[in-house]
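Beneath this line is the structure, given in structure tokens, with notes to follow.
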Amino acid sequence: MTFLYNAWYVAAWDHELKNDSMLSRRLLDKKIVMYRDENGDPVALQDRCPHRFAPLSLGCLRDGEIECGYHGLRFNAKGQCVGNPHGNGHIPKGASVRKYSLVERYSALWIWMGNNEPISDAIPDFSFLDPKTSIVAKDYLHARANYVLETDNIMDLSHIEFMHKSTLGSSAVRNAVSEVSQEGNTVWSRRLTKDEVLPDFLEEAWRIPKGTPVSRWMDVRWDAPANMLLSVGAVPSGDAPRTGNSTYIAHFFTPETETATHYWFGFGFPKSMGDAGYERANTAIANIRKPFELEDLPMLEAQQENMEDQSFWELKPVLLAGDAGAIRARRVLEALIKDEASDSA
Ligand code: FES
Ligand SMILES: [Fe+2]
Numbered sequence: 000m001t002f003l004y005n006a007w008y009v010a011a012w013d014h015e016l017k018n019d020s021m022l023s024r025r026l027l028d029k030k031i032v033m034y035r036d037e038n039g040d041p042v043a044l045q046d047r048c049p050h051r052f053a054p055l056s057l058g059c060l061r062d063g064e065i066e067c068g069y070h071g072l073r074f075n076a077k078g079q080c081v082g083n084p085h086g087n088g089h090i091p092k093g094a095s096v097r098k099y100s101l102v103e104r105y106s107a108l109w110i111w112m113g114n115n116e117p118i119s120d121a122i123p124d125f126s127f128l129d130p131k132t133s134i135v136a137k138d139y140l141h142a143r144a145n146y147v148l149e150t151d152n153i154m155d156l157s158h159i160e161f162m163h164k165s166t167l168g169s170s171a172v173r174n175a176v177s178e179v180s181q182e183g184n185t186v187w188s189r190r191l192t193k194d195e196v197l198p199d200f201l202e203e204a205w206r207i208p209k210g211t212p213v214s215r216w217m218d219v220r221w222d223a224p225a226n227m228l229l230s231v232g233a234v235p236s237g238d239a240p241r242t243g244n245s246t247y248i249a250h251f252f253t254p255e256t257e258t259a260t261h262y263w264f265g266f267g268f269p270k271s272m273g274d275a276g277y278e279r280a281n282t283a284i285a286n287i288r289k290p291f292e293l294e295d296l297p298m299l300e301a302q303q304e305n306m307e308d309q310s311f312w313e314l315k316p317v318l319l320a321g322d323a324g325a326i327r328a329r330r331v332l333e334a335l336i337k338d339e340a341s342d343s344a
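Residues 0 to 344 (numbering that gives the first Met the number 0) make up the sequence shown, in order.
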């Protein structure tokens, strides 16, 4: 599988980009350097000097421009070479690096790496992560696994019964009513358990009296390439499902390479919750990191290793009822990648 280029990917959380330093990251198998210009606006450039291909991120930032750390060529935020300390100072033709669109939205920095004009509205709605209105708690994991395996993981939450026994799962999950739907290229994978007694971990987090049977919803919205919104909550059995408060969790996956993924996840709670909201957000992010890091991540990495160099479909995966949403998302992504390849051919 090759990547979808004309799409928005998360490149960093907003707080990762400082005013006075550069951040270098491999995204879609390309080295990108990011920083903030003098106005604080985010900038993303190819992290490769056109002279001898040194990473620009090993140079230094001076007045919103990067000075290459090898022979001192200087590049502005548009990627144009604007200073040559050698000879008569002439700027050689072709002395530029590619600039990428980098947009700050929903506490994240979104990069567009395709050749088409970026479509600003195409960033899916994650307004619950808007720092103006929400208390946002953010975290990051790196996975040595393909990013679509990560999509499978979130779209098919039937796995929580087996992988997250002590934290997120229960034996009621296998009997959850699941539904898959699609609107345009957005895919929904919804699950609803009935008469479920939640594990202590969730009863405590959601302040549900111990042993109360509930209906729990776990609804995932997927947008290409791999940006997901998970909405979860529970009401006592017998109450109309999905009527209580939902907790929202964003899962953003960006390929580092074909077999490695950047994983950003975050909660947002309304600012109106005040101090309680900060406490809730900090506790939620610290708690959720444990199953993600200690249970999902080792399995994802072991899956990737086990696939050796074969593709998902070459291995003829067995399909189960619970993975319909994941498969739908794969199909949409594959179609988008195919369209993009035929448009550029
Ligand atoms: S490699 Fe950048 S100036 Fe020489
Ligand atoms: Fe999981």
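Glycine is no exception: its CB is placed at the ideal position from the N, C-alpha and C atoms. Since we're looking at a predicted model, the values are computed, not measured.
Within a Cβ cutoff of 8 Å, which residues of the same chain sit near residue i, ignoring the five residues on either side of it in sequence?
i: N114; result: Y4, N5 and S343
i: I336; result: M0, T1, F2 and L3
i: R97; result: L44, Q45 and G78
i: R173; result: S157 and E160
i: K209; result: D199 and E202
What does a CB cutoff of less than 6 Å around residue i pick up in its chain, not counting 5 residues either side in sequence?
i: F125; result: Y105 and A249
i: L332; result: A223
Tell me whether residue i sits in a helix, a strand or coil according to DSSP, three-state version.
i: F2; result: coil
i: M227; result: strand
i: D222; result: strand
i: S343; result: helix
i: V317; result: coil
i: F251; result: strand
i: T246; result: strand
i: T256; result: strand
i: L167; result: coil
i: Y34; result: strand
i: R215; result: strand
i: S119; result: helix
i: G276; result: helix
i: A325; result: helix
i: L22; result: strand
i: T192; result: coil
i: A136; result: strand
Once you ignore the five residues that flank residue i on each side, which residues in its own chain have a CB closer than 7 Å to its CB?
i: F268; result: S133, I134, G276, R279 and A280
i: Q303; result: R143, A144, N145, L148 and T258
i: G58; result: I65, E66, C67 and G68
i: P290; result: H163, T166 and L167
Compute the Euclidean distance between the alpha carbons of residue i and residue j, then round it to the nearest angstrom.
i: R143; j: R288; result: 17 Å
i: F52; j: L60; result: 17 Å
i: I90; j: D295; result: 50 Å
i: S23; j: R220; result: 30 Å
i: A328; j: C67; result: 41 Å
i: N152; j: R73; result: 44 Å
i: I207; j: K315; result: 42 Å
i: V9; j: R47; result: 21 Å
i: E339; j: R330; result: 14 Å
i: S245; j: F127; result: 11 Å
i: P297; j: N83; result: 48 Å
i: L197; j: I284; result: 19 Å
i: H70; j: L55; result: 11 Å
i: M21; j: V32; result: 6 Å
i: N305; j: V317; result: 15 Å
i: M227; j: D120; result: 16 Å
Under the rule that 16 or more other beta-carbon atoms within 10 Å means buried, what is residue i, buried or exposed?
i: G86; result: exposed
i: F161; result: exposed
i: S141; result: Rather than Ser, the amino acid found at residue 141 in this sequence is His. Classification of H141: exposed, given that the 10 Å Cβ count is below 16.
i: K137; result: buried
i: I118; result: exposed
i: T242; result: exposed
i: R35; result: buried
i: D155; result: buried
i: H14; result: exposed
i: W109; result: buried
i: S341; result: exposed
i: W312; result: exposed
i: E37; result: exposed
i: A301; result: exposed
i: E116; result: exposed
i: S188; result: buried
Inset, instruction - Could you tell me whether the segment 162–179 touches the segment 317–332, where touching means 3 or more Cβ pairs closer than 8 Å? - result: yes
Legend entry - Stretch pair the segment 161–168 + the segment 191–207: three plus CB contacts closer than 8 Å: yes
Inset, instruction - Evaluate the contact criterion for the segment 213–230 versus the segment 181–194: three or more CB pairs, one atom per stretch, below 8 Å. - result: yes
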